[in-house]
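Structure record follows, encoded as structure tokens.
Residue numbers (my numbering): 5 to 371.
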């Protein structure tokens, strides 16, 4: 819910430039890299995946509370975003590891597709609630109301995780999850290839906020309608995630993932060169997420030993976070210097190069 209004809040409400937004968004995603690694290793070392995931969700809930009191000072904004991204960094790898350890490898695509579909259901409903709250309270007071409602949902989700999610607890000797064993993951050729592919693809990916800000600027959308862009993306994601997950189990995960990046390539080209209808762009953008979100984790999961599953996934996600830092900062600077059209064309070229390189890299580790 907060994510759907945050770019407009920072750029329209607090008057950050697109370059400043790119810096804030990128830095406070990339800055959680060490937290991701540490959290992933701790979850494996102490066999507390559920606890680490819950800690991550709790930190994100605290960030939503802090948004009620933050000022326009960049340091204050950065601190809150860092807390939120730290929470996301902590929870993602343990959550994905619990999924991979709960189903057989041949059903991982379906499992991740089902999870992402349910996740996108919340992403679909949240912006609709945000639109209603903003319309009822007005732009200024409405942001605080959105943050409060989002906090309530975050706390509810944390309670459900604590009460209903079970964590697999294997009895393992301490040396099985030693720091030396964790570092040894990088010597696994197939896993390393997937990690490099994830890094390259991450470098070519622009954050959602930029895509939606370009659409708002292009079509003159009011601030109250801004969250509807996330609604359209989430709806396409919701409808496509499970079918594409099942298809990935049948024909292979690599073609599905690369097909998703092909959809992203088209999105960037449409943003740069045409006045294509908004619905066309958001559907393609949702298809990109449905085909890629979770697929790299489904590829990496079977390549990792169960006792180091969370650590290995955290390594992949850390590479993606560092890549996001670079891509977000560079895209913000490119937009401010050249305009959104040339910046999107540069992003499209980066996607094309990353797809060519990743085709061979992903082949090594893809079933």
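All C-beta atoms, glycine included, are put in the ideal place defined by N, C-alpha and C.
From a predicted model like this one, the values you see are computed outputs, not experimental measurements.
Expected contact under 8 Å - CB spacing of residue i and residue j to nearest Å
i: residue 112; j: residue 302; result: 4 Å
i: residue 124; j: residue 245; result: 6 Å
i: residue 261; j: residue 299; result: 4 Å
i: residue 205; j: residue 265; result: 6 Å
i: residue 23; j: residue 336; result: 4 Å
i: residue 128; j: residue 18; result: Actually they are not in contact, since the Cβ atoms of residue 128 and residue 18 sit about 27 Å apart, beyond 8 Å.
i: residue 9; j: residue 230; result: 6 Å
i: residue 33; j: residue 272; result: With a Cβ gap of about 20 Å, residue 33 and residue 272 do not count as contacting.
i: residue 64; j: residue 29; result: So it is not a contact: roughly 16 Å between Cβ atoms.
i: residue 218; j: residue 268; result: Incorrect: roughly 14 Å between the Cβ atoms, too far for contact.
i: residue 162; j: residue 62; result: 6 Å
i: residue 383; j: residue 147; result: Within the shown structure, residues of the chain are numbered from 5 to 371, placing residue 383 beyond reach of any answer.
i: residue 110; j: residue 253; result: 6 Å
i: residue 351; j: residue 210; result: 5 Å
i: residue 228; j: residue 135; result: 6 Å
i: residue 312; j: residue 186; result: 6 Å
i: residue 91; j: residue 60; result: 5 Å
Residues near residue i in its chain [Cβ-Cβ closer than 7 Å; skip 5 each side]
i: residue 321; result: 40, 96, 97
i: residue 152; result: 72
i: residue 196; result: 190
i: residue 149; result: 137, 141
i: residue 31; result: 329
i: residue 343; result: none
i: residue 84; result: 67, 70, 71, 74
i: residue 347; result: 335, 338, 339
i: residue 248; result: 117, 260, 294, 295
Residue i Cβ short of 6 Å to the ligand ZN heavy atom set
i: residue 279; result: Of the ligands one can find in the structure shown there are none, so the ligand ZN has no counterpart to examine.
Contacting residues, own chain, Cβ-Cβ under 6 Å from residue i (five flanking each side not counted)
i: residue 100; result: 301, 317
i: residue 47; result: 53, 56, 98, 314
i: residue 297; result: 120
i: residue 44; result: 97, 314, 315, 318
i: residue 157; result: none
i: residue 361; result: 204
i: residue 324; result: 202, 206
i: residue 349; result: 276
i: residue 172; result: 105
i: residue 239; result: 128
i: residue 208; result: 354, 355, 358
i: residue 326; result: 34, 37
i: residue 397; result: For the chain, the structure presents residues 5 to 371; residue 397 sits outside this window and is missing.
i: residue 16; result: 227
i: residue 345; result: 276
i: residue 102; result: 53
i: residue 290; result: 237, 240, 241
i: residue 3; result: Shown here, the chain extends from 5 to 371; a query on residue 3 therefore has no answer.
Same chain only: Cβ atoms within 8 Å of residue i, ignoring 5 sequence neighbours per side
i: residue 279; result: 222
i: residue 340; result: 21, 22, 23
i: residue 270; result: 288
i: residue 263; result: 295
i: residue 165; result: 54, 57, 58, 61
i: residue 292; result: 264, 265, 267, 268, 271
i: residue 80; result: 74
i: residue 251; result: 113, 260
Would you be able to state if there are at least three C-beta pairs under 8 Å between the stretch 108-118 and the stretch 55-63? no
Taking contact to mean 3 or more Cβ pairs, one atom from each stretch, closer than 8 Å, check whether the stretch 63-72 and the stretch 270-284 are in contact. Too few Cβ pairs lie closer than 8 Å, so no.
Counting Cβ pairs closer than 8 Å, one from the stretch 352-369 and one from the stretch 216-234, do we hit at least three? no
Say whether the stretch 248-260 touches the stretch 323-339, bearing in mind that this needs 3 or more beta-carbon pairs closer than 8 Å, one atom from each stretch. no
With a cut-off of 8 Å, do at least 3 Cβ pairs link the stretch 311-320 to the stretch 186-193? These segments touch.
Of all the alpha helix (DSSP H) runs that stay within the bounds of the stretch 181-217, which reach a length of 4 or more residues? 183-187, 193-207
Runs of alpha helix (DSSP H) lying entirely within the stretch 270-354, each at least 4 residues, in chain order: 282-296, 299-304, 313-342, all fully within the stretch 270-354.
Please give the ranges of any alpha helix (DSSP H) in the stretch 120-172, keeping only runs that are unbroken, at least 4 residues long and fully inside the region. As far as the stretch 120-172 is concerned, its whole alpha helix (DSSP H) runs of at least 4 residues are 143-168.
Uninterrupted alpha helix (DSSP H) stretches inside the stretch 219-260 (no shorter than 4 residues): Counting only unbroken stretches of 4 or more residues, the alpha helix (DSSP H) elements lying wholly within the stretch 219-260 are 231-255, in sequence order.
Uninterrupted alpha helix (DSSP H) stretches inside the stretch 22-100 (no shorter than 4 residues): 22-34, 37-49, 53-70
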